[in-house]
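Participant: Just dropping this structure here.
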Amino acid sequence: MRILRFLLLKEFSQIFRNKSILALIMVMPVMQLIILPMAADYEVKNINLAIIDQDHSTYSQQLITKITSSGYFKLSGYDNSFHEAFQYIESDKADLILEIPQNFERNLIRENKQHVFIAVNAINGTKANLGGAYLAGILRNFNADLRLKLIGNTKLNPSPTIEITASNWFNAYMNYKVFMVPGILAILVTMIGGFLSALNIVKEKEVGTIEQINVTPIKKYHFVLGKLIPFWILGNVVFTIGLFISWLIYGIVPLGNLSVLYVFIWVYLFAILGFGLLISTYCETQQQAMFIMFFFMMLFILMGGLFTSIDAMPSWAQVIAKFNPATYFIEVMRMVILKGSRLRDILPHLIKVMLFALVLNTWAILNYKKTT
Amino acid sequence: MKEVVIQTEKLTKRFGDFIATNEITFDVTKGEIFGFLGANGAGKTTAMRMLCGLSLPSSGKATIAGFDIYKKTEEIKKNIGYMSQKFSLYEDLTVLENIRFFGGIYGLSNAQLKSKSEALVTELGLDKEAKKLVGSLPLGWKQKLSFSVAIIHEPKIVFLDEPTGGVDPLTRRQFWDLIYKASDKGITIFVTTHYMDEAEYCNRICIMVDGKIEALDSPTNLKKVFNTNSMDDVFYQLARGAKRKE
Amino acid sequence: MKQFFAFVTKEFAHVLRDRKTLFILFGMPVVQILIFGFALTNEVKNAKLVVVDQSKDLISQQIINRIEASRYFEIEKAVMDPEQIEAAFKEGKIRLAVIFPAHFTDNLMHINRAQVQIIADASDPNTANMLSNYVSSIIQDQQVQLNEANAIPYAIVPEIRMLYNPQLKGAPNFVPGVMALVLMLVCVMMTSISIVREKELGTMEILLVSPFRPLLIIISKAVPYLFLSLINVISILLLSVFVLDLPINGSIALLFAESTLFIITNLTLGIFISIRTNSQQVAMLISLMGMMLPTVLFSGFMFPIENMPMPLQVISNIVPAKWFYIIVKSIMIKGVGFAAIWKPTLVLVGMTLLLLGLSWKNFKIRLA
């Protein structure tokens, strides 16, 4: 215990001595947490639309007005030929093209049926999906209004109707930021913990101070704990600041119990710090450690369900996601903060992360060799 | 007969095909200043790292302070001090913080830590620098400080790997004063060097060439055997045949 | 010039010696492109859904069968009370619940009117939106089938065509994005760290006292990384074409030239960071922690930039990866020529010159 105290004293003196790193650790996550959720906004609006109106009729004009006044679309071009409109897509000025063919109005009335053409730049799948769906929805409404006008009241519709009532739980205003903030905070805490712990032991190797430690009789687990605990505390501090910022800037108050979140982060930090330490035991230079950590961080960020859904991934990728501790952290953050999940609800996640912590740290201690 | 504190028998370290240290056998007795000489790459550091428990031998036997080098590395570590070639105190900690840290992990009590660090700072004349970062000290002072830290827990043996590399002759002289003082207290000194004048300060020296021990005796005897009056000559005569060049 | 080549040769030797790092540098982009190229998709598939069917009759069963047949959903078998739904949401087991009240078919047939309730877990609003839309349209399809007898008059039928990416695969969007991301971060990290490392170890001073332009020495350190990164570009492109089935619709030479430009931009950014910092840890924290998430977000491949608030759209302009993402997407997927991408190209050239200028200036100040 006494030895651990000296190790901690040393680590903390070093952390607090290096003011520029300490500032980076504190300021960078806060800045990112403030700015990034605004960027990670998927409420698709301002979709750029190019319209080709070959009909120039009353109906086509009404339809265009209806679309532009919906708020989802920005009219970026109004042309006569598909060829011209297509150039907007090529130069990224338009995401969608709506083509209203000649005799749109006449055919609709005479033949009871008329096609319109929608072309979507589908490189970005979500945007394409949502944009196409919005446009189709507006068309449906326009169509219904038109029908009403042409045949009058359809209330006495004799055909059976299924009424759908849809309700959105846990985020009634469909605010996307509320969804992103907990996830981004989770990744920021993960990065802080992972990078700092991965770099720390390697730095001692590179500078050579680890030799002086290795000739002393201290136990391996003392040394590893001495490294873990300071970063564990730092991780908690960053996490707490992050929760405060999300309340201050985004007004997010966890629906669930804060203590559940903390129980989870306590275990999680040991897992992620253990991972960093494990990497550092395999590397000789900080450069190597950094690159390996970079690789895993990319996996953590992109395969953890932060931005894209894990359900939609192919099954082998879902397996990778299952071995990604960040997956559980992101999910638990969202569950507790947005849905008010209780300890009982997150217990399976907690147990998995505990296993991660146990395995990674044991592995790191075993692989840290005082004698080569 | 004096107590033997380091005993090796055919101690060998291989890295793949390369034999860094080839079957070295020697004894060091308590209180001795034992010099290890050799050109760069002769295998001095490898030998020393094995004796300190930093590196596992490929074959051969050795005991340090009566403990087996294979099985009791952690026991050995309680009884030795080590100062590596590369300066390895924490540059971003102050002089006092370094002393307290290393004293602490060797298990000194608070009272001991207090008296030791005061004594040490005064002895080295670092009173004014005690609260400065070690990184800001000149090299000579750093070396003296690392030596003092290496023996802060009064080990039976201290291993010094080229402790005076790159420092001026005056500081080197002062450094050897520290070594003698430690030796007077009964600490065995095991030191590698390639300065021949330093070899003269040792009680016995051992000259390594290409991983093997080529000569082992007191400086006076060696000069007698090689029929010369300078250690330089002794060394040249032995090292001429060396195949490994850096 | 001869001296310059001597320096470059030395740097190559350094880089090639550290096998572990080299392995990571070549292996990492390949693995990442493969994983992310296949795994990332913005689609919503296999979402877990629970059906509470309190009527268990013909039409509710027909709707359930339709839902089950759709690739968007995976029906959780567990039969639930409405009370258990909330618990299932909280445990994160389901994303959507569909509730049929009792006597569903009866009501529909006799009073021409029946209700269905859809409850979505809107903590993820977009997924919630898409999923409840999918279920709604499945139900509407069923209704259309019921009403097949009487056709709807005055129907406007939209015909939707998906350009470039008809199957809405993730790869055409994510591969250019990940390529921009990986190249940028790797280049910046490599140069910034390797130069600061020399500063930290003290070997930089030796170079700086040589009778050779200091900035040139630093540039020579970046040259090997230019070659390494070009090899990475080649391997990424080969994988994209042969493994991920992505087309290169435009000119390969143009794509390669633009990649070279982008790499140089990032190497100069790395040089700039290395000039301004003195410890490896600071350089790494800046080039990784500081740049990773912002690059993911501001390059625009995850979230469309035009959705962002104005100030952030402005910020996104300083991220080189954004411009490269536009370029790669344009050349590879859309197959357009230089005429369509001269603007982003110019921006990258401008950034490179600016960073070089800044490095030059800061370097002089440091020496003074």
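Going down the list, the sequences are from chains A, B and C.
Just so we're aligned: the first sequence equals residues 1 to 372 in the working numbering.
Just so we're aligned: the second sequence equals residues 1001 to 1246 in the working numbering.
Just so we're aligned: the third sequence equals residues 2001 to 2368 in the working numbering.
Beta carbons are placed, not taken as given, at the ideal position from N, Cα and C, and that holds for glycine.
(1) Curious, which full-length alpha helix (DSSP H) runs of at least 4 residues does the stretch 2065–2120 of chain C contain?
(2) Mind reading off the beta-carbon distance from Ala198/A to Phe329/A? Whole number of angstroms is fine, and I expect it under 8 Å.
(3) For a contact defined as C-beta to C-beta under 8 Å, what are the partners of Tyr176/A on chain C?
(4) Using beta-carbon positions only, say whether Leu2163/C and Ile89/A come within less than 8 Å of one another.
(5) Can you pull the chain A residues whose beta carbon is under 8 Å from the beta carbon of Ala2120/C, in chain order?
(6) Identify the contact partners of Val202/A in chain B, using a Cβ-Cβ distance below 8 Å as the criterion.
(7) With a threshold of 8 Å between beta-carbons, can Ala50/A be considered close to chain C, or not?
(8) Take Gln1237/B and list the residues in its own chain whose beta-carbon comes closer than 7 Å to its own, dropping the five residues that flank it on each side.
(9) Please confirm if Gln286/A has its CB atom under 8 Å from at least one CB of chain B.
(10) Comparing the CB of Glu1032/B with every heavy atom of the ligand SAM, is any distance shorter than 7 Å?
(11) What are the start and end residues of the alpha helix (DSSP H) that includes Arg342/A?
(12) Going by beta-carbon coordinates alone, are Ile1152/B and Lys1116/B separated by less than 8 Å?
(13) Step through the CB atoms of chain C and report whether any lies within less than 8 Å of the CB of Ala122/A.
(14) Who pairs with Val1209/B in a beta bridge, going by DSSP?
(15) Hey, is Lys113/A's beta-carbon within less than 8 Å of any beta-carbon in chain C?
(16) Apart from the five residues just before and just after Leu156/A, which ones in its own chain have a Cβ nearer than 7 Å to its Cβ?
(17) Ends of the beta strand (DSSP E) at Met1083/B?
(18) In terms of alpha-carbon separation, which member of Leu63/A, Leu75/A and Ile118/A lies closest to Pro2166/C?
(19) Taking 8 Å as the threshold (beta carbon to beta carbon), is Ala136/A in contact with chain C?
(20) For Leu7/A, which residues in chain B fall below 9 Å Cβ to Cβ?
(21) Are the C-beta atoms of Gly132/A and some chain C residue less than 8 Å apart?
(22) Starting from Asp1217/B, follow its DSSP beta bridges and name the residues at the other end.
(23) Under the three-state reduction of DSSP, which class applies to Lys74/A: helix, strand or coil?
(24) From the DSSP output, in three-state form, read off His115/A for me.
(25) So what does Thr65/A bridge to, in DSSP terms?
(26) Please name the residue or residues paired with Thr1188/B in a DSSP beta bridge.
(27) Tell me, please, whether the stretch 2085–2104 of chain C touches the stretch 128–144 of chain A by the rule of three or more beta-carbon pairs shorter than 8 Å.
(28) Do you know whose CA, among Thr1021/B, Leu1139/B, Leu1108/B and Ala1111/B, lies nearest Phe1268/B's CA?
(29) Specify whether the stretch 2293–2303 of chain C and the stretch 2221–2236 of chain C touch according to this definition: at least 3 beta carbon pairs, one from each stretch, less than 8 Å apart.
(30) Which same chain residues, not among the five before or five after Lys339/A, have their C-beta less than 6 Å away from its C-beta?
(31) Starting from the Cα of Asp2057/C, find the closest Cα among Met2109/C, Asn2307/C and Phe2073/C and give me that residue.
(32) Three-state secondary structure (DSSP) at Leu196/A?
(33) Is there contact between the stretch 2321–2333 of chain C and the stretch 2212–2228 of chain C, where contact requires at least three CB pairs shorter than 8 Å?
(34) Should His56/A go down as buried or exposed, given a rule of 16 or more other Cβ atoms within 10 Å for buried?
(35) Taking Phe195/A as the query, report the chain C residues whose CB atoms sit under 8 Å from its CB, ordered along the chain.
(36) Determine the direct distance from the alpha carbon of Ser2240/C to that of Ile2033/C, and round the result to whole angstroms.
Facilitator: In this structure, then:
(1) Complete alpha helix (DSSP H) runs here, min 4: 2082–2090 and 2104–2110.
(2) For the purposes of this step, residue 198/A is taken as residue 198 along the first sequence, with counting starting at 1. For the purposes of this step, residue 329/A is taken as residue 329 along the first sequence, with counting starting at 1. A Cβ-Cβ distance of about 17 Å is found for the pair Ala198/A and Phe329/A, leaving them out of contact under the 8 Å criterion.
(3) The sequence position of residue 176/A within the first sequence is 176, counting from 1. Neighbours of Tyr176/A on chain C, chain order: Pro2125 and Asn2126.
(4) What you label residue 2163/C is simply residue 163 of the third sequence in a count that begins at 1. What you label residue 89/A is simply residue 89 of the first sequence in a count that begins at 1. Yes. Within cutoff.
(5) Numbered from 1 along the third sequence, position 120 holds the residue referred to as residue 2120/C. Chain A residues near Ala2120/C: Ala166, Ser167, Asn168 and Trp169.
(6) Residue mapping note: residue 202/A aligns to position 202 of the first sequence, counting from 1. Contact note: Val202/A does not reach chain B at a C-beta cutoff of 8 Å; the least C-beta distance is about 15 Å.
(7) One-based indexing of the first sequence puts residue 50/A at position 50. Taking CB atoms only, Ala50/A has no neighbour in chain C less than 8 Å away.
(8) The residue given as residue 1237/B occupies position 237 in the second sequence. Its chain contains Phe1226 as the residues whose beta carbon lies nearer than 7 Å to that of Gln1237/B, once the 5 sequence neighbours on both sides are disregarded; these appear in chain order.
(9) Mapped onto the first sequence, residue 286/A falls at position 286. Chain B contact via Cβ: absent.
(10) Among the components of this structure there are no ligands whatsoever, and the ligand SAM is therefore not found.
(11) For the purposes of this step, residue 342/A is taken as residue 342 along the first sequence, with counting starting at 1. For Arg342/A, there is no enclosing alpha helix (DSSP H), since its DSSP letter is neither H nor E.
(12) By 1-based counting over the second sequence, the position of residue 1152/B is 152. By 1-based counting over the second sequence, the position of residue 1116/B is 116. Yes. Within cutoff.
(13) Against the first sequence, residue 122/A aligns to sequence position 122. Taking 8 Å as the CB threshold, Ala122/A lines the interface with chain C.
(14) By one-based count along the second sequence, residue 1209/B stands at place 209. BP columns for Val1209/B point to Lys1212/B.
(15) As a working mapping, residue 113/A is identified with position 113 in the first sequence. A Cβ of chain C is located within less than 8 Å of the beta carbon of Lys113/A.
(16) Stepping through the first sequence from its first residue, residue 156/A is reached at position 156. Bear in mind that the predicted position of Leu156/A carries a pLDDT of just 49, short of 50, making it too unreliable to give a figure here.
(17) For the purposes of this step, residue 1083/B is taken as residue 83 along the second sequence, with counting starting at 1. Residues Ile1080 to Met1083.
(18) In the third sequence, counting from the first residue as 1, residue 2166/C sits at position 166. The shortest Cα separation from Pro2166/C among Leu63/A, Leu75/A and Ile118/A belongs to Ile118/A.
(19) On the first sequence, residue 136/A is found 136 positions in, with the first residue counted as 1. With respect to chain C, the C-beta atom of Ala136/A has a partner C-beta closer than 8 Å.
(20) Translated into the one-based positions of the first sequence, residue 7/A becomes position 7. Within chain B, the residues Phe1101, Gly1104 and Ile1105 have their CB atoms less than 9 Å from the CB of Leu7/A, given in chain order.
(21) Translated into the one-based positions of the first sequence, residue 132/A becomes position 132. Output row for Gly132/A: interface = yes.
(22) As a working mapping, residue 1217/B is identified with position 217 in the second sequence. Answer by DSSP bridge pairing, in chain order: Ile1205/B.
(23) As a position in the first sequence, residue 74/A is number 74, starting the count at 1. Lys74/A sits in a strand when the DSSP states are folded into three classes.
(24) Mapped onto the first sequence, residue 115/A falls at position 115. In the structure shown, His115/A sits in a strand (DSSP, three-state: E or B).
(25) Along the first sequence, one-based indexing puts residue 65/A at 65. DSSP lists no partner for Thr65/A.
(26) For the purposes of this step, residue 1188/B is identified with residue 188 of the second sequence, where counting begins at 1. Beta-bridge pairing links Thr1188/B to Ile1157/B.
(27) At 8 Å Cβ cutoff, the stretches do not touch.
(28) Nothing can be reported for residue 1268/B, as the shown portion of chain B is limited to 1001 through 1246.
(29) Between the stretch 2293–2303 of chain C and the stretch 2221–2236 of chain C, the count of Cβ pairs shorter than 8 Å is below three; the stretches do not touch.
(30) Locating residue 339/A in the first sequence gives position 339, counting from the first residue. These residues qualify, in order along the chain: Phe170.
(31) For this step, residue 2057/C is matched to residue 57 along the third sequence. When each option's Cα is compared against that of Asp2057/C, the closest is Met2109/C.
(32) For the purposes of this step, residue 196/A is taken as residue 196 along the first sequence, with counting starting at 1. The answer is helix: DSSP assigns Leu196/A an H, G or I state.
(33) They do not touch, by the three-pair rule.
(34) Numbered from its first residue, the first sequence carries residue 56/A at position 56. In summary, His56/A is exposed, with fewer than 16 beta-carbon neighbours lying within 10 Å of its beta-carbon over all protein chains present.
(35) Start at 1 with the first residue of the first sequence, and residue 195/A comes out as number 195. For Phe195/A, the C-beta contacts it makes with chain C under 8 Å involve Met2284, Leu2285, Leu2288 and Met2289, in order along the chain.
(36) On the third sequence, residue 2033/C is found 33 positions in, with the first residue counted as 1. On the third sequence, residue 2240/C is found 240 positions in, with the first residue counted as 1. In this model, Ile2033/C and Ser2240/C are separated by some 8 Å (Cα to Cα).
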